[in-house]
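Asks: In order, the protein sequences belong to chains A and B.
The first sequence runs 1212 to 1322 under my numbering.
The second sequence runs 482 to 596 under my numbering.
Note that beta-carbon positions come from the ideal geometry of N, C-alpha and C, so glycine has one too.
None of these values were measured; they are calculated from a predicted model.
This is the structure I want to talk about, given as C-alpha cells.
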Amino acid sequence: DQQVKQNSPSLSVQEGRISILNCDYTNSMFDYFLWYKKYPAEGPTFLISISSIKDKNEDGRFTVFLNKSAKHLSLHIVPSQPGDSAVYFCAASGGYQKVTFGTGTKLQVIP
Amino acid sequence: DVKVTQSSRYLVKRTGEKVFLECVQDMDHENMFWYRQDPGLGLRLIYFSYDVKMKEKGDIPEGYSVSREKKERFSLILESASTNQTSMYLCASSLVVRSGSYEQYFGPGTRLTVT
C-alpha cells in the first residue's frame, strides 16, 4: 500500500522554465512533509520541508505547496537549472520518527 | 557538517552468505535508519533505531536484522543473502524531535549484488 505517491516517474523541462513536481498522500495522520534530491551514486539530500499548519514554504528557487484537503503537495523550482537534474523524492511523517518516501520523479533540465 | 559513512560502496555476495552492512554517523544523532532503493519502488524502510540497543521494524524487515551497540553505528545484517536482496542500501540518521520530523542525513549507499 503506497501511502505516498509520485505519479510522474520522469519530467523534462527547459532551462529557465518552471519545474513542478507533484506528490499525493493517503494517510491523514501525516503532518510533516519533505522533499529530497538524489544524484546518481549519492545518497538523497534534504531540500525543503513543510509542516501541515502551513500551505507554502519557500527557500530560494524552491517552493513547496501543501493542499491538505486534497492530500497533495508540489515542489516548484523557478528558474530550473541543469544542475537541478536529479531524482526528487517526496516524503511524509506522522509525528513519529519514521518517514515514508514516495517512488521518486526523475527531473531532466535541458540546457 | 553531518557525515554518514557506509562501509562499502559496492559489494558482491553469493546466495546464502551472511552479509554485514555498516553505517557510522558523526553527529550524535539518536535515530538511524536502513532503507533499500529499487527502481519504481522508491525508498523503503527496512529497520530503524531510536536509541542504542533499540530497534523497530520498518515496512520490509523480512530477511534482515540489525544491530546497534553504539550510538554512532548501525549495522544491517542479511542472515542468508538471496538474489531478491540485490539492491541499493541507504543508511540515514536524524535527531529526535517532539513533533514533526527533522530531515534525515543519508550515506552514499551500498550497491549490493547477490549472485
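In chain A, which residues lie less than 7 Å from glutamate 584 (chain B) when you measure between Cβ atoms?
Replies: Residue mapping note: residue 584 (chain B) aligns to position 103 of the second sequence, counting from 1. What glutamate 584 (chain B) touches in chain A: Leu1245, Phe1257 and Ser1260.
Asks: When you compare the CB positions of leucine 1258 (chain A) and tyrosine 1247 (chain A), do they come within less than 8 Å of one another, or not?
Replies: As a working note, residue 1258 (chain A) is residue 47 in the first sequence. As a working note, residue 1247 (chain A) is residue 36 in the first sequence. Closer than 8 Å, so yes.
Asks: Check for me: the beta strand (DSSP E) holding aspartate 1270 (chain A) runs from which residue to which?
Replies: Stepping through the first sequence from its first residue, residue 1270 (chain A) is reached at position 59. Where aspartate 1270 (chain A) is concerned, the enclosing beta strand (DSSP E) stretches over 1267-1270.
Asks: For glutamine 506 (chain B), name the three-state secondary structure that DSSP assigns.
Replies: Residue numbering aside, residue 506 (chain B) sits at position 25 when the second sequence is read from its first letter. Reduced to three states, the DSSP call for glutamine 506 (chain B) is strand.
Asks: When you compare only the Cα positions, how much space is there between lysine 1265 (chain A) and leucine 1277 (chain A)?
Replies: Residue 1265 (chain A) sits at position 54 when you count from the first residue of the first sequence. Residue 1277 (chain A) sits at position 66 when you count from the first residue of the first sequence. Straight-line Cα distance between these residues: approximately 7 Å.
Asks: Of the choices A:Asn1218, A:Val1275, A:Ser1263 and A:Gly1305, whose alpha-carbon is the least far from that of isoleucine 1240 (chain A)?
Replies: Counting from 1 along the first sequence, the entry for residue 1240 (chain A) is found at position 29. Looking at the sequence itself, residue 1240 (chain A) is methionine, so the reference to isoleucine does not match. Among A:Asn1218, A:Val1275, A:Ser1263 and A:Gly1305, the Cα nearest to that of methionine 1240 (chain A) is on A:Gly1305.
Asks: Going by DSSP, what residue range makes up the beta strand (DSSP E) through arginine 549 (chain B)?
Replies: Here residue 549 (chain B) is taken as the residue at index 68 of the second sequence, counted from 1. Its beta strand (DSSP E) spans residues 545-551.
Asks: To the nearest angstrom, report how far apart threonine 594 (chain B) and leucine 1286 (chain A) are at their CA atoms.
Replies: Start at 1 with the first residue of the second sequence, and residue 594 (chain B) comes out as number 113. Start at 1 with the first residue of the first sequence, and residue 1286 (chain A) comes out as number 75. Cα to Cα, the separation comes out at about 34 Å.
Asks: Strictly below 9 Å CB to CB, what residues from chain B border glutamate 1253 (chain A)?
Replies: Reading the first sequence from its first residue, position 42 is the one you call residue 1253 (chain A). By Cβ distance, chain B contributes Phe587, Pro589 and Gly590.
Asks: Let me check understanding here. Comparing Cα to Cα, which of B:Leu526, B:Gln518 and B:Gly544 lies closest to serine 563 (chain B)?
Replies: On the second sequence, position 82 is the one that residue 563 (chain B) refers to. Checking every option, the nearest Cα to that of serine 563 (chain B) belongs to B:Gly544.
Asks: Starting from leucine 524 (chain B), find everything on chain A with Cβ-Cβ shorter than 7 Å and list it in chain order.
Replies: Numbered from 1 along the second sequence, position 43 holds the residue referred to as residue 524 (chain B). Ordered by position in chain A, the residues that pass the 7 Å Cβ test against leucine 524 (chain B) are Phe1300 and Phe1312.
Asks: Less than 8 Å between the beta carbons of serine 1230 (chain A) and lysine 1317 (chain A), yes or no?
Replies: Residue mapping note: residue 1230 (chain A) aligns to position 19 of the first sequence, counting from 1. Residue mapping note: residue 1317 (chain A) aligns to position 106 of the first sequence, counting from 1. No, Cβ-Cβ distance for serine 1230 (chain A) and lysine 1317 (chain A) is not below 8 Å.
Asks: Where does proline 523 (chain B) sit, in a helix, a strand or coil, going by DSSP?
Replies: Translated into positions along the second sequence, residue 523 (chain B) becomes position 42. In the sequence under discussion, the amino acid at residue 523 (chain B) is glycine, which differs from the proline named in the question. Strand at glycine 523 (chain B).
Asks: To which residues does DSSP link glutamine 1319 (chain A) through a beta bridge?
Replies: Here residue 1319 (chain A) corresponds to residue number 108 of the first sequence, with the count starting at 1. Paired residues: A:Ser1223.
Asks: Look at alanine 1303 (chain A) and valine 1215 (chain A) and say whether their C-beta atoms are less than 8 Å apart.
Replies: Counted from its first residue, the first sequence places residue 1303 (chain A) at position 92. Counted from its first residue, the first sequence places residue 1215 (chain A) at position 4. At the C-beta level, alanine 1303 (chain A) and valine 1215 (chain A) come within 8 Å of one another.
Asks: By DSSP, does threonine 567 (chain B) sit in helix, in strand, or in coil?
Replies: Mapped onto the second sequence, residue 567 (chain B) falls at position 86. Threonine 567 (chain B) falls in the coil class under three-state DSSP.
Asks: Which chain A residues sit within Cβ distance under 9 Å of phenylalanine 555 (chain B)?
Replies: Locating residue 555 (chain B) in the second sequence gives position 74, where the first residue counts as 1. Using a Cβ-Cβ cut-off of 9 Å, phenylalanine 555 (chain B) is close to nothing in chain A; its nearest Cβ partner there is about 13 Å away.
Asks: Answer yes or no: do cysteine 504 (chain B) and valine 485 (chain B) have a C-beta to C-beta separation smaller than 8 Å?
Replies: Within the second sequence, numbered from 1, the residue matching residue 504 (chain B) stands at position 23. Within the second sequence, numbered from 1, the residue matching residue 485 (chain B) stands at position 4. Their beta carbons are under 8 Å apart, which means cysteine 504 (chain B) touches valine 485 (chain B) by this criterion.
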